[in-house]
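Shown next, in structure tokens, is the structure this report addresses.
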Amino acid sequence: MNRKHPIGIFDSGYGGLTVLKAIRNQLPQYDYIYLGDNARTPYGTRSFEVVYEYTLEAVKKLFAMDCELVILACNTASAKALRNIQQNYLPQYAPHRRVLGVIRPSVEKVIQITKKSHVGVLGTPGTVSSGSYAIEIDKLSANTITVTQEACPMWVPIVENNEIGTPGADYFVQKNMQSLFAKDPQIDTIILGCTHYPLLIQTIKKFIPNEVNVLDQGPVVAEKLANYLLRHPEIENQCAMQGTIKYFTTENANSFNQKASVFLGETVRAKTIHIL
Ligand code: DGL
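Under my numbering, residues 15 to 290 are what the sequence shown spells out, in order.
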């Protein structure tokens, strides 16, 4: 057995830490490498071509760091780059490696939990304009669910710039929630379709009806990953199991450490790397 490969977790910045945290809670035995492309964040306002190019570069970097399995812990990258990587890049250049995203697991879950079949999707402009959630929900529910999307372009900058809990953050979150519920007052379940958004969950809950379910993707992705590894022993057998985690950022490591340590509740010592 060749258990020497860490699992790679990629995001455009800090948001993917919400997914990493949940994955480590559920699967603490494996080794992980987290890569945040903080130097080029946000991805959410960029074109398909650019998100694909940046995401593929990051995936290649994680492959070069010995990851056989990479999770795109970023909805924008999952929406705009995953399919292309899975269908075109991997078969030709890395047929034994795997890249998974966060959209499909979240959609499977939301279909199970919505009672009124009215779902709201919050995401970056990129994720919303890709229509990925709506397409996937339509497909898996045979068009039985009403999907209403809301792009929240200010939320990632709010998180990345430490503005959570400020009146400015409240203003933008309230504005987007009013707009979402004006489009469909029957929504009973909301997907946080951006890995940064769980950091705003307390603010979001202030501005939506109490009975609305808010789906945080981290635990859902973690559960699906555990299941994936059970179903794919050929991948699981290669995963290193020392329980370690290494952090890399494309920006300044000190600022990454400060924010990530507060968020994860443990000391983080990241290294700066260049993706290219
Ligand atoms: N965290 C990313 C996502 O889940 C978005 C952040 C960004 O815009 O770069 O969509």
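The beta-carbon is built from N, C-alpha and C at its ideal position, and this holds for glycine as well.
Computed from a predicted model, the values in this text were never measured in an experiment.
| said: Please classify Leu244 as buried or exposed, where buried requires at least 16 neighbouring CB atoms within 10 angstroms. | reply: For this step, residue 244 is matched to residue 230 along the sequence shown. By the neighbour-count rule (16 or more Cβ atoms within 10 Å), Leu244 is not buried but exposed.
| said: In chain order, what are the residue ranges of uninterrupted beta strand (DSSP E) at least 3 long that sit wholly in the region 101-172? | reply: Runs found: 112-114, 132-137, 160-165.
| query | How close, in whole Å, do the beta carbons of Asp230 and Leu206 come, if the pair is a contact with beta carbons under 8 Å? | reply | The sequence position of residue 230 within the sequence shown is 216, counting from 1. The sequence position of residue 206 within the sequence shown is 192, counting from 1. Beta-carbon to beta-carbon, Asp230 and Leu206 are separated by about 6 Å, close enough to satisfy the 8 Å threshold.
| field | Beta-bridge pairing of His19 - partner residues as DSSP gives them | value | Position 5 of the sequence shown, counted from the first residue, corresponds to residue 19. His19 is bridged to Cys253.
| task | Give the single residue among Lys35, Thr158, Tyr211, Tyr261 whose Cα lies nearest to the Cα of Ala165. | result | Within the sequence shown, numbered from 1, the residue matching residue 165 stands at position 151. Restricting attention to Lys35, Thr158, Tyr211, Tyr261, the CA atom closest to the CA of Ala165 is found in Tyr211.
| said: Can you tell me where the beta strand (DSSP E) holding Gly50 begins and where it ends? | reply: For the purposes of this step, residue 50 is taken as the residue at position 36 of the sequence shown. That run of the beta strand (DSSP E) goes 46-50.
| field | For Pro223 and Glu122, the rounded distance between their alpha carbons | value | By 1-based counting over the sequence shown, the position of residue 122 is 108. By 1-based counting over the sequence shown, the position of residue 223 is 209. Approximately 24 Å, taken between the alpha carbons.
| field | Backbone secondary structure at Thr55 - three-state DSSP | value | The count along the sequence shown starts at 1 and reaches residue 55 at position 41. The DSSP-derived three-state label of Thr55 is coil.
| query | If you count every other CB in all the chains shown that lies within 10 Å of the CB of Glu63, and 16 or more means buried, which is it? | reply | The sequence position of residue 63 within the sequence shown is 49, counting from 1. The residue is exposed, with fewer than 16 neighbouring Cβ atoms inside 10 Å.
| task | Spatial neighbours of Ile215 within its chain, please: CB distance less than 8 Å, with the 5 preceding and 5 following residues excluded, ordered by chain position. | result | Residue 215 sits at position 201 when you count from the first residue of the sequence shown. The residues are Leu206, Val228, Asp230.
| task | Leaving aside the five residues before and after Asn190 along the sequence, list all residues of the same chain whose C-beta is less than 6 Å from its C-beta, in chain order. | result | Indexing the sequence shown from 1 puts residue 190 at position 176. Excluding positions up to five away in sequence, the list reads Glu164, Cys166.
| With DSSP run on the structure shown, which of helix, strand or coil describes Leu70? | Looking up residue 70 in the sequence shown gives position 56. DSSP, reduced to helix, strand and coil, places Leu70 within a helical segment of the structure shown.
| task | My understanding is that Ile23 touches Tyr48, with C-beta atoms under 8 Å, so please give their C-beta distance in whole angstroms. | result | Translated into the one-based positions of the sequence shown, residue 23 becomes position 9. Translated into the one-based positions of the sequence shown, residue 48 becomes position 34. The beta-carbon separation of Ile23 and Tyr48, rounded to 5 Å, stays under the 8 Å limit for a contact.
| How about Ser26: is its Cβ closer than 7 Å to a heavy atom in the ligand DGL? | Counting from 1 along the sequence shown, the entry for residue 26 is found at position 12. Checking every heavy atom of the ligand DGL against the Cβ of Ser26, one is found closer than 7 Å.
| task | Determine the direct distance from the alpha carbon of Glu265 to that of Tyr68, and round the result to whole angstroms. | result | Within the sequence shown, the letter at position 54 stands for residue 68. Within the sequence shown, the letter at position 251 stands for residue 265. Distance between the alpha carbons of Tyr68 and Glu265 is about 15 Å.
| Taking the alpha-carbon positions, what's the Met79 to Thr128 distance? | Your numbering for residue 79 matches position 65 in the sequence shown. Your numbering for residue 128 matches position 114 in the sequence shown. Approximately 40 Å, taken between the alpha carbons.
| said: Out of Asp198, Gln200, Ala267, Glu177, which one is the CA nearest neighbour of Thr217? | reply: Here residue 217 is taken as the residue at index 203 of the sequence shown, counted from 1. Out of Asp198, Gln200, Ala267, Glu177, Glu177 has the C-alpha closest to the C-alpha of Thr217.
| request: Put Ile85 into one of helix, strand or coil per three-state DSSP. | output: By one-based count along the sequence shown, residue 85 stands at place 71. In the three-state reduction of the DSSP assignment, Ile85 falls in the strand class.
| task | Compute every distance between the C-beta of Val161 and the non-hydrogen atoms of the ligand DGL, then say whether any falls below 7 Å. | result | In the sequence shown, residue 161 corresponds to position 147, counting from 1. No, since every heavy atom of the ligand DGL falls outside the 7 Å radius drawn around the Cβ of Val161.
| query | Per DSSP, what kind of secondary structure is Ile201 in: helix, strand or coil? | reply | One-based indexing of the sequence shown puts residue 201 at position 187. Judged by DSSP in its simplified three-state form, Ile201 adopts coil rather than helix or strand.
| message | Quick check: is any heavy atom of the ligand DGL less than 7 Å from the C-beta of Pro293? | response | Only positions 15 to 290 of the chain appear in this structure, which leaves residue 293 out of reach.
| query | By DSSP, does Val226 sit in helix, in strand, or in coil? | reply | Against the sequence shown, residue 226 aligns to sequence position 212. DSSP places Val226 in coil when its eight states are reduced to three.
| request: Could you tell me if the beta carbon of Thr138 falls within a distance shorter than 7 Å of some heavy atom in the ligand DGL? | output: Along the sequence shown, one-based indexing puts residue 138 at 124. Taking 7 Å as the cut-off, the C-beta of Thr138 counts as close to a heavy atom of the ligand DGL.
| Whole-angstrom distance between Glu250 and Asn271, CA atom to CA atom | Stepping through the sequence shown from its first residue, residue 271 is reached at position 257. Stepping through the sequence shown from its first residue, residue 250 is reached at position 236. Whole-angstrom Cα-Cα distance: 30 Å.
| query | Are the CB atoms of Leu31 and Phe277 nearer to each other than 8 Å? | reply | Within the sequence shown, numbered from 1, the residue matching residue 31 stands at position 17. Within the sequence shown, numbered from 1, the residue matching residue 277 stands at position 263. Annotated as proximal: Leu31 and Phe277, with beta-carbon spacing under 8 Å.
| Would you call the CB atoms of Leu96 and Val113 closer than 8 Å? | Sequence index remark: in the sequence shown, residue 96 carries index 82 (1-based). Sequence index remark: in the sequence shown, residue 113 carries index 99 (1-based). Cβ distance < 8 Å, so Leu96 and Val113 count as in contact.
| field | Check: Cys208 C-beta below 7 Å from any heavy atom of the ligand DGL | value | Numbered from its first residue, the sequence shown carries residue 208 at position 194. Cys208 Cβ: within cutoff of the ligand DGL.
| request: In angstroms with no decimal places, state the Cα-to-Cα distance between Arg283 and Tyr261. | output: For this step, residue 283 is matched to residue 269 along the sequence shown. For this step, residue 261 is matched to residue 247 along the sequence shown. Put simply, the backbone Cα of Arg283 is about 7 Å away from that of Tyr261.
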